[in-house]
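Working notes for the structure below.
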Amino acid sequence: MNEAPAEDGPQTFEDFGLHDDVLKALAELGWETPTPCQRDSFPLIVEGNDIIVQARTGTGKTGAFGIPLVDRLISIDGDEQALVLAPTRELALQSAREIAKLGAHRDIDTVAVYGGASMERQISALKKGARVISGTPGRVLDHLNRGTIDASRLRVLVLDEADEMLSMGFAKELNAIIEKLPKKRQTLLFSATVDRAIKRVAEKHMRDPVFLGLSGDHVGALGIEHFVYMLSGIGRVGNLISILEIENPESALIFCNTKAETEQVSAALKRAGFNAEWLNGDRPQREREQVLAQTRRNEVRFLVATDVAARGIDVSHLTHVINFHLPENVEQYVHRTGRTGRAGRTGTAISLVGPNELGILYYLRLQYRIFPIERTLPSEGEARTRREADRITMIDLAYPNPPDEHGLALARRLMTHPDAERMLAGLLGAFFDPGSGDVDEVAAKQRRRGRPATIPPEPPEDELDQTGTPEREAPATATLYVNVGRRDELKASELGRLLRERTGLKRKEIGRIRVRDTHSLVDVPEDRAQDVIDSMAGAVLREQALTLKLAQRESRARRG
Ligand code: AMP
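In the working numbering, the protein residues as written are -6 to 553.
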């Protein structure tokens, strides 16, 4: 395999020397400049090379083969055809659609052939003279065997997501298909990962392929931010809930390593009040489609899935990919995280990492040069450090002017006193006496305004601890369930205000208010709980009659 030479190739689509009707199609698609993957592969492809491109979804790989395909690999008036093989019917369809758009003004018809759809309709589309055939291996082989696809006309072969095709067990079909193709053809292989199995395919079926690796450029172009949370590995579901609260993603595809786990995690998220659904191979097709439709309509915020179930589904609108566990190998990590951050959009990948998964993290850095930013869940100690920092900022802000002479002299004398700590602590205690006002809320506001980089990520505003003083001997609290939540656009502050108005609770008596998707949770003093429930009867918020009741213990929901 030859490494592609590093050279200054074409930078713009105009530099590609494309036909006007292709440039027109690109303009209609709104593609202004080639992606790095397209820029680097184009010259090599149009020179007639066989090529292996290490690229994953989101790099513009479909365009990378689609553009040269419609522009010149297939002549308008000849009868040669191109075959694009993809691991799933969704991907086969997606590619067919994109190639059809690229070739919209060039009289190059595209047809998608895949299993589970009418054979007759595909045959008649093929008969009409489609020039690009995009399909899944099983169905394509079927057509070749029936003679409804004429192998001798296939002069260009594209293997899209080749690694996925192999890992889905299509090796036999691939070999059988390629055996039937003319020797004189151009083969373009695209794969997110290039391992030994891929190299074997290349050695067997490709002609001096040029290898275009996943350069730093390609990784950077993806615009995905990678984060990891280092965890103890115990209480992972509870950790996930905390992370969802802290990160507050708009939506996410959450990957689990086993089928059973998808159901457990989804159930735990639902119990915790999030809109979650699960997908795995056991889910019947109809339910699967229902879940996907709900996800597209934004009715499901968190889709919990196995790798297999998530293959080929279009979830490009989801903003986050979350690894509940790191996958078994690094290649899978690249695949998973490629599901977010499609070209032009940024995505975020967050992984929960236990002690047993550190090895994978190491290989991720080594092999793919992906260096996730490490985050930790704030521990009790860290939360205290943060509160202390807030308080010092507060004192700083409270006395902006230089002290007068007497004040300064007294301060110096105090600082050099052998019992300075005891006395200062006493003064601070008086300053921060909760009776003297909502000092912590001021501190929290201050924190929100300008947060120093060293401070761990703060909870979303709707999750702010309203008392902010949990290190003090906490009175017994009860958690109440409230039947309005994020989907009703509820704000924690609004609920807090209503509670104060109707129940006479003081601000500092109301504990954490957690706004979940379907409901909210609020902590109140245990001895006031029933009273609060009664006083809130008949209250209306966001056009919704409020019902409060004692919540089931959160820990139970978190056990998952
Ligand atoms: P792919 O990697 O083929 O799945 O492409 C990811 C997305 O990027 C698709 O939605 C493409 O339509 C889009 N895309 C591909 N090439 C370009 C480009 N040069 N400029 C803007 N968007 C592009």
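Glycine residues also receive a C-beta, built at the ideal position from the N, C-alpha and C atoms.
Let me check you understand the geometry: is the CB of GLN31 closer than 8 angstroms to at least one non-hydrogen atom of the ligand AMP?
Checking every heavy atom of the ligand AMP against the Cβ of GLN31, one is found closer than 8 angstroms.
Reduced DSSP category for GLY497 - H, G, I as helix; E, B as strand; rest coil:
Three-state DSSP puts GLY497 in coil, outside helix and strand.
Buried or exposed (CB count within 10 angstroms, at least 16 for buried), ASP397:
ASP397 should be labelled exposed.
Which word fits GLU21, buried or exposed, when buried means at least 16 other C-beta atoms lie within 10 angstroms of its C-beta?
Burial call: exposed.
Three-state class that DSSP yields for LYS484 in the structure shown
DSSP places LYS484 in coil when its eight states are reduced to three.
Please check the pair ILE506 and VAL517, which I expect to be a contact at CB under 8 angstroms, by giving their CB distance rounded to whole angstroms.
Contact flag wrong, Cβ pair sits at about 10 angstroms.
Quick one: does the C-beta of PRO3 sit closer than 8 angstroms to a heavy atom of the ligand AMP?
PRO3 Cβ: outside cutoff for every heavy atom of the ligand AMP.
Check ARG406 in the structure and name its three-state DSSP category.
ARG406 falls in the helix class under three-state DSSP.
Given this structure, state the Cα-to-Cα distance separating ALA164 from GLY59, to the nearest angstrom.
Distance between the alpha carbons of ALA164 and GLY59: 24 angstroms.
Can you pull the DSSP bridge partners for GLY340?
Assignment of beta-bridge partners to GLY340 by DSSP yields ILE217.
At the level of alpha carbons, what is the spacing between THR462 and ARG281?
Interpretation of THR462 is limited by its pLDDT of 38, a score under 50 that renders its predicted location unreliable; the figure taken from the coordinates is listed afterwards. Going by the C-alpha atoms only, they are around 46 angstroms apart.
Counting only runs that start and end within the region 155 to 195, where is the beta strand (DSSP E) found for 3 or more residues in a row?
The qualifying runs are 179 to 184.
Can you tell me whether ARG99 sits near the ligand AMP, meaning its C-beta is under 8 angstroms from at least one heavy atom of the ligand?
Result no, Cβ not under 8 angstroms from the ligand AMP.
Per-residue DSSP class, three states only, for LYS121:
DSSP places LYS121 in coil when its eight states are reduced to three.
Does the distance between the C-beta of THR330 and the nearest non-hydrogen atom of the ligand GDP fall short of 8 angstroms?
Absence of the ligand GDP is noted for the structure shown, with the ligand AMP being the only ligands found.
Do you know offhand how far ASN291's Cα is from SER309's?
So the alpha carbons of these two residues sit roughly 12 angstroms apart.
So, with DSSP's three-state summary, where would you put PHE424?
In the structure shown, PHE424 sits in a helix (DSSP, three-state: H, G or I).
Check for me: the alpha helix (DSSP H) holding THR288 runs from which residue to which?
For THR288, the uninterrupted alpha helix (DSSP H) run begins and ends at 278 to 289, by DSSP.
Selected residue, minimal CA-CA separation from ASN250, among GLU113, ILE315 and ARG294:
Residue ILE315 is the option with its Cα nearest to ASN250.
Whole-angstrom distance between ASN138 and ALA144, CA atom to CA atom
Spanning the two alpha carbons is a distance of roughly 10 angstroms.
Starting from THR330, trace the beta strand (DSSP E) both ways and give me its first and last residue.
Unbroken run through THR330 is the alpha helix (DSSP H), 323 to 330; no beta strand (DSSP E).
Can you give me the C-alpha to C-alpha distance between ASP33 and VAL203, rounded to a whole angstrom?
Distance between the alpha carbons of ASP33 and VAL203 is about 12 angstroms.
Looking at the unbroken alpha helix (DSSP H) that takes in PRO61, where does it start and where does it end?
Where PRO61 is concerned, the enclosing alpha helix (DSSP H) starts and stops at 54 to 61.
Quick check: the Cα distance between GLY347 and ARG358, rounded to an integer number of angstroms?
The straight-line gap from Cα to Cα measures roughly 17 angstroms.
Identify, in the order they occur along the chain, each residue of the same chain with its Cβ nearer than 7 angstroms to the Cβ of LEU174, setting aside the five sequence neighbours on each side.
Contacts found: ALA144, LEU147 and LEU150.
Where ASP568 and PHE248 are concerned, what is the direct C-alpha to C-alpha distance, given to the nearest angstrom?
The shown model of the chain, from -6 to 553, leaves out residue 568, and the question about it has no answer.
Please determine, among ARG480, THR540, THR511 and ASP481, the residue with the shortest C-alpha to C-alpha distance to LEU492.
For LEU492, the nearest C-alpha among the options comes from THR540.
Does the ligand AMP have a heavy atom nearer than 8 angstroms to the CB of SER372?
No, the beta carbon of SER372 sits no closer than 8 angstroms to any heavy atom of the ligand AMP.
Could you tell me if the beta carbon of ARG178 falls within a distance shorter than 8 angstroms of some heavy atom in the ligand AMP?
False, no ligand heavy atom lies under 8 angstroms from that Cβ.
Measuring only the C-alpha atoms, how far is MET158 from ALA485?
The straight-line gap from Cα to Cα measures roughly 48 angstroms.
Would you say ALA48 touches the ligand AMP, meaning its beta carbon is less than 8 angstroms from a heavy atom?
Remark: the C-beta of ALA48 is in contact range of the ligand AMP, defined as less than 8 angstroms to any heavy atom.
Can you name, in chain order, every residue of its own chain whose Cβ lies under 8 angstroms from the Cβ of PRO313, other than the five neighbours on each side?
Correcting the residue identity first, residue 313 is His in this sequence and not Pro. Non-local beta-carbon contacts of HIS313 in its own chain, meaning distances under 8 angstroms to residues more than five positions away in sequence, involve GLU240, PRO242, GLU243, SER244, ALA245, LEU246, THR333, GLY340, THR341, ALA342 and ILE343 in chain order.
Cα-Cα separation, ASP524 to LEU84:
Near 57 angstroms, if we compare the C-alpha coordinates of LEU84 and ASP524.
Helix, strand or coil: which one does DSSP assign to SER127?
DSSP places SER127 in strand when its eight states are reduced to three.
CB PRO27 to CB GLY71, shorter than 9 angstroms?
Note that the C-beta distance between PRO27 and GLY71 is not below 9 angstroms.
Put GLN4 into one of helix, strand or coil per three-state DSSP.
Coil.
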